[in-house]
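There are 2 protein chains.
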Amino acid sequence: MEPLDLYILGCGSANPTQRHQPASQVLSTRGKMFMIDCGEGTQTRFARLGLSMKRVGHIFISHAHGDHCLGLPGLICTMSLLGRTSQLHIHGPQELEPFLQSALQLFCPNLEFQVLFHAVDTTRHQLIHHDRSIEVWSLPLRHRVPCCGFLFREKPALPHIRRDMIDMYEIPVSQINNIKAGMDWTMPDGTIIPNSRLTTPPSPTRSYAYCSDTSPLPSLIPLIEGVDLLFHEATFDKENEFRARQTFHSTTLEAAQTAKDAHVGQLVIGHYSSRMRNEEQMLNEARSIFPNTILSDEGKHISITPTTTL
Amino acid sequence: MEPLDLYILGCGSANPTQRHQPASQVLSTRGKMFMIDCGEGTQTRFARLGLSMKRVGHIFISHAHGDHCLGLPGLICTMSLLGRTSQLHIHGPQELEPFLQSALQLFCPNLEFQVLFHAVDTTRHQLIHHDRSIEVWSLPLRHRVPCCGFLFREKPALPHIRRDMIDMYEIPVSQINNIKAGMDWTMPDGTIIPNSRLTTPPSPTRSYAYCSDTSPLPSLIPLIEGVDLLFHEATFDKENEFRARQTFHSTTLEAAQTAKDAHVGQLVIGHYSSRMRNEEQMLNEARSIFPNTILSDEGKHISITPTTTL
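Chains as they are written, first to last, in this note's numbering: chain P, 1 to 310; chain L, 1001 to 1310.
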């Protein structure tokens, strides 16, 4: 199975601390990288993680708060310095575009590559990008400004060919794609070999949902039902629920309850407020509701695997 | 004498490295901080150096390249989060203003403090700011875009009162300011005590010139004649002079020659290209022409003292 890897570049929130960087993640699969949010300083953390900017083709920005997108202009300037020529697609709320245009005009007026902005309607759950292997869907969230999360879902793969059966029945190479597509095989003597003897089931698909920043939102639950990995913001611990309400954020308990209600495989929490000092305690709070919870941290790498249904 | 302290927050150049951060410095004196340039991530280095953003009243931006100003929006957002109410003045080339306005409108539309932009004519050497104790002058530089350095010059201080003489001649407190201003003292019997007996000379004034980014520029020399400390960019070593010419930067030897020709007290070099790996060699190159040279580095603190004239 091809790896599907999540890298946490930053998991702090707006007020900078010595411990955490502003929001950014990279989802990597099949030689492609999808960036999710791009807080100030994100570009410097690429090299630190041994990642290459060249492979980033699409950047998804959840909302126009500085800690989620102020790293974009610098990142794009550096891509230009490094000689990039391939298109870069940026998906985000419409209000981001004038800022981005103004920054690019001033700081990199002679780009050798196209930056294509795709406005995302943050109020709707819809397919905003897909390629051969993956779909990306918007996830409406509830925050102080228009905001959405992103759901990455692998497309169903084709079944695996059983090489031993292909050899045994002397099936020509030209028929492999048909068999992968579900066709049975008819022998010269008329015997039909059912497709199920010639293939094994495809690898299971995997899914990742990124939900930051948001108040708890019941309408989100069905949209992320059963995802293998959920990143859900937990800006505050349970004691600071009143702050979460004031700022349209979530607590540890609320993130965990969302994970539980949506029957996700694993929960990773982050977007820690600068007021939060004890992340282990936050982890314990979340685990009291959803045991399979982990903490995000700068540099953390999570290999996303299919949830085993018992 | 009041301290006059320079802090190097970042001394790299456009292409980020693991070793250096983009350009930013803080000059601190008498409870005030002047920021010079503000590359991406500058805000995170304030706390690391134990400095308080509150004391920054004026920010001087040399030119509109990302590595010198992309930290501004995030810094201003964070000042707002920290509850700032006092005005913030930003001095820089005119073309910076639309970007700054666009960023502030989007990321911090409800600022509780005024951000006042003052356009600097980068082609002229003129006084752009002064307060009771310091003057700030623009220094035209030669770069790929409009660019100027900044000269900080303390205003001449008043002489020190000799407390012993004041007591001896029983001079009333109400006359102290007049005596500081140069007045002699007339005793009740008509005897005149000359001012020179009542005072000692004022502390010498100090000056700091920041020159980045620039090709070597003969017209700069008279403007920075005799400054106590000169920061001059040395983006490249002597071997890479051809790159310096291509990109309108300076080499170690050129920075040092400028320091020598302008008879400055001390030279600090920086704005290192990501291609440069051996800073000790760069230092040796500069010292071969101007021995009193030091390297800048993130977190470096330089206490600026008057140059002793032998």
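Glycine is no exception: its CB is placed at the ideal position from the N, C-alpha and C atoms.
- P1140(L) has C1148(L) as its beta-bridge partners, per DSSP.
- Shortest Cα-Cα distance from L1283(L) to any of T1247(L), I1166(L), E1233(L), M1183(L) involves E1233(L).
- For G57(P), the secondary structure class from DSSP, reduced to helix, strand or coil, is strand.
- Contact between the segment 1246-1259 of chain L and the segment 1032-1039 of chain L is absent: fewer than 3 CB-CB pairs across the two stretches fall below 8 Å.
- The residue from I1302(L), Q1266(L), S1215(L) with its alpha-carbon nearest to that of S1250(L) is S1215(L).
- Taking a Cβ-Cβ cut-off of 8 Å, the neighbours of P1098(L) in chain P comprise S102, L106, given in sequence order.
- Per DSSP, the unbroken alpha helix (DSSP H) holding D1261(L) starts and ends at 1252-1261.
- The C-beta of L1081(L) comes closer than 7 Å to at least one C-beta of chain P.
- Taking a beta-carbon distance threshold of 7 Å, T44(P) counts as an interface residue toward chain L.
- The beta-carbon distance between E254(P) and C11(P), rounded to whole angstroms, is 17 Å. This is too long to meet the 8 Å contact definition.
- Nearest CB-CB separation between N240(P) and chain L: not below the 7 Å threshold.
- Of the residues assessed, A181(P) falls on the exposed side of the cut-off, its CB having fewer than 16 other CB atoms within 10 angstroms.
- For R1163(L), the closest C-alpha among the options L1088(L), V1173(L), V1268(L), Q1246(L) is that of V1173(L).
- For I166(P), no beta strand (DSSP E) run applies; the uninterrupted alpha helix (DSSP H) run containing it begins and ends at 163-168, by DSSP.
- Contact between H1063(L) and P1159(L) is ruled out by a C-beta separation of about 40 Å, above the 8 Å threshold.
- The segment 187-253 of chain P is shown to contain whole alpha helix (DSSP H) runs of 4 or more residues at 195-198, 241-247, in chain order.
- In the three-state DSSP reduction, D121(P) falls in the coil class, being neither helix nor strand.
- In the structure shown, H68(P) falls within a helical segment according to DSSP collapsed to helix, strand and coil.
- Using a CB distance below 8 Å, the part of the segment 1038-1064 of chain L facing chain P consists of E1040, G1041, Q1043, T1044, A1047, R1048, A1064, ordered along the chain.
- Those residues of the segment 1002-1018 of chain L placed with their C-beta closer than 9 Å to a C-beta in chain P are A1014, N1015, P1016, T1017, Q1018, ordered along the chain.
- 7 Å or more divides the Cβ of L198(P) from the Cβ of L230(P).
- Distances from the alpha-carbon of G71(P) to those of R19(P), A103(P), L220(P) put A103(P) closest.
- Just so you know, the alpha carbons of R19(P) and F46(P) end up roughly 17 Å apart.
- Counting along the chain, F34(P) sits inside the beta strand (DSSP E) bounded by residues 32-38.
- In the pairwise beta carbon analysis, the segment 51-70 of chain P is classified as not touching the segment 1003-1010 of chain L: fewer than three pairs are separated by under 8 Å.
- Rounded to the nearest whole angstrom, the CA to CA distance from H1125(L) to E1097(L) is 21 Å.
- A direct Cα-to-Cα measurement between S1296(L) and E1280(L) gives close to 11 Å.
- In this structure, C148(P) is the residue among R132(P), C148(P), V115(P) with its C-alpha nearest to the C-alpha of G92(P).
- In this structure the segment 66-85 of chain P does not touch the segment 1111-1129 of chain L; the number of beta carbon pairs closer than 8 Å is below three.
- Taking the beta carbon of G1074(L) as reference, the chain P residues within 7 Å of it are E40, G66, L70, listed in sequence order.
- The Cβ of C1148(L) sits no closer than 7 Å to any Cβ of chain P.
- Looking at the DSSP output, H129(P) shares a beta bridge with V136(P).
- Approximately 7 Å separates the beta-carbon atoms of T1078(L) and M1053(L); this is inside 8 Å, confirming the contact.
- By the CB criterion at 7 Å, L9(P) and T44(P) fall outside the cutoff.
- DSSP places S80(P) in the helix class (H, G or I) of the three-state scheme.
- Per the DSSP secondary-structure output, Q1266(L) pairs in a beta bridge with L1229(L).
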